[in-house]
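Undergrad: Protein chains in written order, with this note's numbering: chain A, 3 to 221; chain B, 3 to 221. C-beta: ideal position from N, C-alpha, C; glycine also.
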DNA sequence: AAACAAATTTAGACAAGACTAAAATATTTT
DNA sequence: AAAATATTTTAGTCTTGTCTAAATTTGTTT
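1) Taking the straight line between their C-alpha atoms, what separation do you get for residue 68(A) and residue 53(A)?
2) Name the chain B residues whose beta carbon is nearer than 8 Å to that of residue 112(A)?
3) Over the uninterrupted beta strand (DSSP E) stretch that includes residue 204(B), give me the two end residues.
4) Would you check if the distance between the CB atom of residue 128(B) and the CB atom of residue 156(B) is smaller than 7 Å?
5) How many angstroms separate the CA atom of residue 163(B) from the CA atom of residue 93(B)?
6) Against chain A, with Cβ distances strictly below 7 Å, would residue 107(B) count as a contact?
7) What's the C-alpha gap between residue 55(A) and residue 34(A)?
8) Express the C-alpha separation of residue 32(A) and residue 58(A) in angstroms, rounding to a whole number.
9) Between which two residues does the beta strand (DSSP E) carrying residue 183(B) extend?
10) Considering residue 124(A), what are the terminal residues of the beta strand (DSSP E) in which it resides?
11) Sorted by chain position, which residues of the same chain lie with C-beta nearer than 8 Å to residue 134(A)'s C-beta, five sequence neighbours on each side aside?
12) For the beta strand (DSSP E) that contains residue 218(B), what are its first and last residues?
13) Please identify the residue among 79(A), 38(A) and 20(A) whose C-alpha is closest to the C-alpha of residue 109(A).
14) Output yes if chain B places a C-beta closer than 7 Å to the C-beta of residue 170(A); else output no.
15) Would you list, in sequence order, the uninterrupted alpha helix (DSSP H) runs of no fewer than 4 residues that lie entirely inside the region 75 to 121 of chain B?
16) Between the C-alpha atoms of residue 106(B) and residue 167(A), what's the straight-line distance to the nearest angstrom?
17) Would you identify the three-state DSSP class for residue 199(B), choosing helix, strand or coil?
18) To the nearest angstrom, how far is it from the Cα of residue 182(B) to the Cα of residue 179(A)?
19) Do residue 213(A) and residue 175(A) have their C-beta atoms within less than 7 Å of each other?
20) Can you give me, in chain order, the residues of the region 58 to 80 of chain A that have a beta carbon less than 8 Å from any beta carbon in chain B?
21) Could you give the first and the last residue of the continuous beta strand (DSSP E) run that contains residue 151(B)?
22) With DSSP run on the structure shown, which of helix, strand or coil describes residue 138(A)?
23) At the level of alpha carbons, what is the spacing between residue 75(A) and residue 48(A)?
24) Using a 10 Å radius around the Cβ and a threshold of 16 neighbouring Cβ atoms, would you call residue 143(A) buried or exposed?
25) Is residue 112(A) closer than 7 Å to residue 102(B) when the C-beta atoms are compared?
26) Give me the chain B residues within the contact set of residue 116(A), using Cβ-Cβ distance strictly less than 8 Å, ordered along the chain.
27) Does residue 103(A) have its Cβ less than 7 Å from a Cβ in chain B?
28) DSSP three-state label for residue 17(B), please.
29) So, for residue 303(A): in the same chain, excluding its five sequence neighbours on each side, which residues have a beta-carbon less than 7 Å away from its beta-carbon?
30) Excluding the 5 residues flanking residue 117(A) on each side, which residues of the same chain have their C-beta closer than 7 Å to its C-beta?
31) Identify which residue in 90(B), 38(B), 5(B) and 13(B) has its Cα closest to the Cα of residue 65(B).
32) Check the Cβ of residue 119(A) against every Cβ in chain B and list those closer than 7 Å, keeping chain order.
And the structure:
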């Protein structure tokens with residue numbers, strides 16, 4: 003059995019690996035809220051357990067075994083997020099923090115029951131794909147909203163679940179996965195991006211727009 | 003925030019206090035599966051936090067603050083047990099171990115949602131009363147099955163949730179809380195107790211019968 | 001290419017919570 | 001009531017996961 007700490011590190015490594023390619027000590031340090039020194043000492047332990055490969059002063063990489071565990075935890079996390087929303091009506095900005103704790107103590111049996119209850123879902127409430135039990139996961143082509151040219155009709159694919167305040171704002175304007183909207187303009191001087199949905203225009207900050215993934219809608 | 007360990011100790015102290023009156027180091031040691039020395043050192047910590055009172059070589063007692071926390075954890079535990087059974091169909095012999103882990107990471111908000119979903123229930127799947135949010139709990143008069151005289155019609159009130167095998171046996175013969183049955187006989191030489199329900203007779207070991215609480219049915 | 005800055009690792013300390021072995025106290029037996 | 005036994009506590013150690021401060025390596029300037 004792996005400790006909650008180890009599971010958290012593996013998950014963080016997976017996420018950094020996916021979003022940035024390279025996994026540096028400082029990236030993990032910031033993501034996990036621990037000191038760089040703590041990260042290094044955990045990296046040593048994970049190397050010994052053959053869950054990652056680590057070259058001193060270069061980054062870190064998951065081994066297949068490490069990746070499998072990371073995906074199991076992420077599967078727990080995302081199933082729980084969706085379950086809490088569907089079964090108990092927890093708002094989408096709150097499901098993340100609840101899942102963050104529960105994911106580490108979910109049994110395989112309960113995982114299967116939840117999966118079945120939800121009808122073997124493919125994405126969580128934020129549009130993130132749910133890894134399958136066998137450790138595979140569907141990857142979709144999509145762009146960050148911040149990179150989309152004005153006058154494009156897009157469909158929201160995924161929204162990062164890490165900032166509850168952003169999620170509340172987006173929920174408030176009706177912006178969810180599957181929502182279609184038009185990018186109206188990008189204000190100059192790093193100003194906000196203006197999108198139009200349900201006939202109204204809303205501003206979305208450049209920084210927030212990095213965390214909203216969209217695909218071009220075939221209009 | 004209290005550690006999971008501290009919560010487990012407080013819960014164990016509450017349970018021993020309720021079932022045996024005196025709370026000894028050795029009782030906690032056995033219940034928690036840790037050495038007596040570990041118990042003593044934790045007792046020191048809990049005393050400093052004013053959650054228990056501890057007289058050297060005499061036992062230990064919960065303070066009102068300690069009892070409140072113990073009851074909060076037990077409330078979590080029992081709500082979760084019932085929720086898992088009702089919402090996800092987890093069999094009653096498995097809900098305990100799942101709740102044992104989840105109880106420590108359940109938020110107040112989710113606790114309330116589950117409570118509401120279940121219609122503000124009063125007992126868990128084993129018939130144990132669920133403490134209310136304010137720390138009060140209904141106590142019922144009942145006898146251990148092992149102490150009941152033959153030829154009595156009784157109603158099952160509560161069954162201990164600690165032995166999955168016993169629960170599977172009892173479930174198999176249809177013995178649940180609320181079930182009515184007749185104590186037919188007590189076999190000599192510490193032999194089993196014979197009960198009759200749904201027209202059939204079943205043996206129940208003396209030891210198991212200590213953990214089945216019943217009340218006389220007004221027949 | 002040397003100097004500076006940034007990132008990473010090492011060294012050493014600490015808190016929590018467990019352990020074993022030995023000492024102290026209670027309890028039971030004779 | 002003294003001896004024997006059982007229980008509890010103390011003393012000291014270990015592991016996990018964190019920290020700070022200092023040393024090392026890498027990357028970036030000039």
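TA: Quick answer:
1) Start at 1 with the first residue of the first chain, and residue 68(A) comes out as number 66. Start at 1 with the first residue of the first chain, and residue 53(A) comes out as number 51. Straight through space, the alpha carbons of residue 53(A) and residue 68(A) are spaced by roughly 4 Å.
2) Within the first chain, the letter at position 110 stands for residue 112(A). Simply 86, 90, 92 and 100.
3) Working through the second chain from its first residue, we reach residue 204(B) at position 202. Its beta strand (DSSP E) spans residues 202 to 206.
4) Position 126 of the second chain holds residue 128(B). Position 154 of the second chain holds residue 156(B). Taking 7 Å as the Cβ cut-off, residue 128(B) and residue 156(B) do not qualify as a contacting pair.
5) Stepping through the second chain from its first residue, residue 163(B) is reached at position 161. Stepping through the second chain from its first residue, residue 93(B) is reached at position 91. For residue 163(B) and residue 93(B), the distance between alpha carbons rounds to 12 Å.
6) To locate residue 107(B), count along the second chain from 1; it is residue 105. So, interface residue.
7) Along the first chain, one-based indexing puts residue 55(A) at 53. Along the first chain, one-based indexing puts residue 34(A) at 32. Their backbone Cα atoms lie some 19 Å apart in a straight line.
8) Position 56 of the first chain, counted from the first residue, corresponds to residue 58(A). Position 30 of the first chain, counted from the first residue, corresponds to residue 32(A). Going from the Cα of residue 58(A) to the Cα of residue 32(A) covers about 19 Å.
9) Walking along the second chain from the start, residue 183(B) turns up at place 181. 182 to 188 is the extent of the beta strand (DSSP E) around residue 183(B).
10) On the first chain, position 122 is the one that residue 124(A) refers to. Per DSSP, residue 124(A) is not a residue of any beta strand (DSSP E), being assigned neither H nor E.
11) Taking the first chain and counting its residues from 1, the one referred to as residue 134(A) is at position 132. For residue 134(A), where only same-chain residues beyond five positions count, the Cβ hits under 8 Å are 77.
12) Reading the second chain from its first residue, position 216 is the one you call residue 218(B). Where residue 218(B) is concerned, the enclosing beta strand (DSSP E) stretches over 214 to 218.
13) On the first chain, position 107 is the one that residue 109(A) refers to. Cα-wise, what sits closest to residue 109(A) is 79(A).
14) The sequence position of residue 170(A) within the first chain is 168, counting from 1. No, because no Cβ of chain B sits closer than 7 Å to the Cβ of residue 170(A).
15) 97 to 104 and 110 to 119
16) The residue given as residue 106(B) occupies position 104 in the second chain. The residue given as residue 167(A) occupies position 165 in the first chain. Residue 106(B) and residue 167(A) have their C-alpha atoms spaced approximately 26 Å apart.
17) Reading the second chain from its first residue, position 197 is the one you call residue 199(B). Correct three-state label for residue 199(B): strand.
18) Within the second chain, the letter at position 180 stands for residue 182(B). Within the first chain, the letter at position 177 stands for residue 179(A). The straight-line gap from Cα to Cα measures roughly 53 Å.
19) On the first chain, position 211 is the one that residue 213(A) refers to. On the first chain, position 173 is the one that residue 175(A) refers to. Not closer than 7 Å, so no.
20) none
21) Counted from its first residue, the second chain places residue 151(B) at position 149. Run containing residue 151(B): none; DSSP gives neither H nor E here.
22) Taking the first chain and counting its residues from 1, one reaches residue 138(A) at position 136. If DSSP states are grouped into helix, strand and coil, residue 138(A) belongs with coil.
23) By one-based count along the first chain, residue 75(A) stands at place 73. By one-based count along the first chain, residue 48(A) stands at place 46. Between residue 75(A) and residue 48(A), the C-alpha separation is close to 16 Å.
24) Locating residue 143(A) in the first chain gives position 141, counting from the first residue. With fewer than 16 other Cβ atoms within 10 Å, it is exposed.
25) For the purposes of this step, residue 102(B) is taken as the residue at position 100 of the second chain. For the purposes of this step, residue 112(A) is taken as the residue at position 110 of the first chain. For residue 102(B) and residue 112(A), no; Cβs fall outside 7 Å.
26) Here residue 116(A) corresponds to residue number 114 of the first chain, with the count starting at 1. Under the 8 Å cutoff, chain B gives 90.
27) Your numbering for residue 103(A) matches position 101 in the first chain. Yes, contact with chain B.
28) The residue given as residue 17(B) occupies position 15 in the second chain. Correct three-state label for residue 17(B): helix.
29) Within the shown structure, residues of chain A are numbered from 3 to 221, placing residue 303(A) beyond reach of any answer.
30) Walking along the first chain from the start, residue 117(A) turns up at place 115. Within the same chain, residue 117(A) has close Cβ partners 81.
31) Working through the second chain from its first residue, we reach residue 65(B) at position 63. Selected option, being the one with the closest Cα: 13(B).
32) As a position in the first chain, residue 119(A) is number 117, starting the count at 1. Within 7 Å Cβ-Cβ: 90.
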